[in-house]
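The sequence shown begins at 0 in numbering that gives the first Met the number 0 and counts up one residue at a time.
C-beta: ideal position from N, C-alpha, C; glycine also.
Report on one structure; see the data block that follows.
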Amino acid sequence: MTLHLPGADGALRAYEPRTEPLALTPGAPLTSRTVFSAAHVVADPYADTTPDSPAAVDWDATLAFRRHLWSHGLGVAEAMDTAQRGMGLDWAGAAELIRRSAAEAKAVGGRIACGVGTDQITGGTLAEVRAAYEEQLAVVEESGAQAILMASRALAATAQGPDDYLEVYGHLLRQAAEPVVLHWLGPMFDPALEGYWGSPDLDAATDTFLEVIAAHPDKVDGIKVSLLDARREVDLRRRLPQGVRCYTGDDFNYPELIAGDEQGFSHALLGIFDPLGPLAAEAVRVLDTGNTEGFRALLDPTVELSRHLFQAPTRFYKTGVVLLAWLAGHQSHFTMVGGLQSARSLPHLSRAYELADGLGLFPDPKLAEERMRTLLHLYGVTP
0 MTLHLPGADG
10 ALRAYEPRTE
20 PLALTPGAPL
30 TSRTVFSAAH
40 VVADPYADTT
50 PDSPAAVDWD
60 ATLAFRRHLW
70 SHGLGVAEAM
80 DTAQRGMGLD
90 WAGAAELIRR
100 SAAEAKAVGG
110 RIACGVGTDQ
120 ITGGTLAEVR
130 AAYEEQLAVV
140 EESGAQAILM
150 ASRALAATAQ
160 GPDDYLEVYG
170 HLLRQAAEPV
180 VLHWLGPMFD
190 PALEGYWGSP
200 DLDAATDTFL
210 EVIAAHPDKV
220 DGIKVSLLDA
230 RREVDLRRRL
240 PQGVRCYTGD
250 DFNYPELIAG
260 DEQGFSHALL
270 GIFDPLGPLA
280 AEAVRVLDTG
290 NTEGFRALLD
300 PTVELSRHLF
310 QAPTRFYKTG
320 VVLLAWLAGH
330 QSHFTMVGGL
340 QSARSLPHLS
350 RAYELADGLG
360 LFPDPKLAEE
370 RMRTLLHLYG
380 VTP
């Protein structure tokens, strides 16, 4: 049945939803790449909250979504920016999320890595920033999960130059029990991280980043780079010490970066693999057989959707991710912690639905159509 979707110009256009989904079922474990999906959280729609109150999480639905990702062979990157860290989910909520998800991972045999940051403080001295990192690192390590050292707004605000980054990260890496993933999140994802690693010049920042790794290669499992610059990621990847992995966080260019070239490839830790989970896993299984063309044939068509969801202002991509989870039947409502379901326009959400439906991402296209129709009616759209 035809849907009438609003475009950016305000005009309605007719769209015929597809009737059959892609046939995507869990398969063999992934072997050629390590792939994490950064997972969203499901809000409790019945909680009496305001945008600035602590997040109320629907734990059952949140953990069920992680089981969905694990069932397809993906790892879960927990309590990252996709889970609205610093945009509705505070440290208390993130700590609870880490503990619950890590316990669930143990129960089902799923792989999990969790974000370690400093979001329990907004600023302070270098010693206070270091202590905040240490508190969160202890929670993640006690849960049994791998640690991802996230970029810190507080460190960005406090550090006077590269030496401060070298001191803080060196201290953390020396005390980490197991190798960690270092996370470089660009300012397009969080404007407060402008000038991270001590310089707004990305070449200089890269040198500092690599200096941290070179001093402690045994404590760095890999790096997660989210700069939306494929050429820079490849150059950085080629400069890593032997044994240190690159996990692409480039939601614009991930197929080519995962496929790699004659000198290497990237693994993946991506927010777009939240809605693309089953399709992404199937594509990597094809790559596991050595069939790069087949991998690209499956994953290249998803880039238009990803670039749409992550368009500027990029930090609001979570709204589209949660919309698609609702349309796919992974949760019963389109509500987000912090009220961020309002962060994208109806034309933007309509295009996200159209692109995802065209890819066959919805297990039940009829349900997705009915829910999209409900959203359109809520906004006053009538044919």
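Option nearest residue i by Cα separation, candidates the options
i, options, result
"residue 131", "86, 94 and 32", "94"
"residue 7", "377, 214, 344 and 373", "344"
"residue 50", "374, 203, 378 and 340", "340"
"residue 159", "337, 356, 347 and 199", "199"
"residue 319", "63, 284 and 273", "273"
"residue 146", "118, 220, 261 and 86", "220"
"residue 367", "125, 139, 359 and 327", "327"
"residue 248", "323, 229 and 239", "229"
"residue 245", "333, 181, 271 and 36", "181"
"residue 281", "18, 28 and 19", "28"
"residue 364", "17, 294 and 12", "17"
"residue 165", "179, 138, 192 and 125", "125"
"residue 120", "141, 90 and 103", "90"
"residue 289", "375, 72, 134 and 257", "257"
"residue 116", "346, 298 and 83", "83"
Identity of the residues DSSP links to residue i by a beta bridge
i, result
"residue 182", "223"
"residue 12", "4"
"residue 141", "Partner(s): none; residue 141 has no beta bridge."
"residue 74", "35"
"residue 260", "263"
"residue 112", "76 and 145"
Per-residue DSSP class, three states only, for residue i
i, result
"residue 150", "coil"
"residue 5", "strand"
"residue 244", "strand"
"residue 174", "helix"
"residue 307", "helix"
"residue 88", "strand"
"residue 267", "strand"
"residue 119", "coil"
"residue 159", "coil"
"residue 415", "The question about residue 415 has no answer, for the chain in this structure spans 0 to 382."
"residue 56", "strand"
"residue 42", "strand"
"residue 331", "coil"
"residue 324", "helix"
Within 7 Å, strictly: CB atoms of residue i and residue j
i, j, result
"residue 114", "residue 78", "yes"
"residue 305", "residue 4", "no"
"residue 184", "residue 225", "yes"
"residue 112", "residue 155", "no"
"residue 223", "residue 268", "yes"
"residue 385", "residue 303", "There is simply no residue 385 to check, as the chain begins at 0 and stops at 382 in what is shown."
"residue 65", "residue 31", "no"
"residue 197", "residue 153", "no"
"residue 315", "residue 342", "yes"
"residue 259", "residue 68", "no"
"residue 9", "residue 337", "no"
"residue 323", "residue 333", "no"
"residue 57", "residue 43", "yes"
"residue 157", "residue 179", "no"
Buried versus exposed call for residue i [16 or more other C-beta atoms within 10 Å across all chains shown]
i, result
"residue 377", "exposed"
"residue 190", "exposed"
"residue 335", "buried"
"residue 149", "buried"
"residue 45", "exposed"
"residue 262", "exposed"
"residue 40", "buried"
"residue 330", "buried"
"residue 34", "buried"
"residue 143", "exposed"
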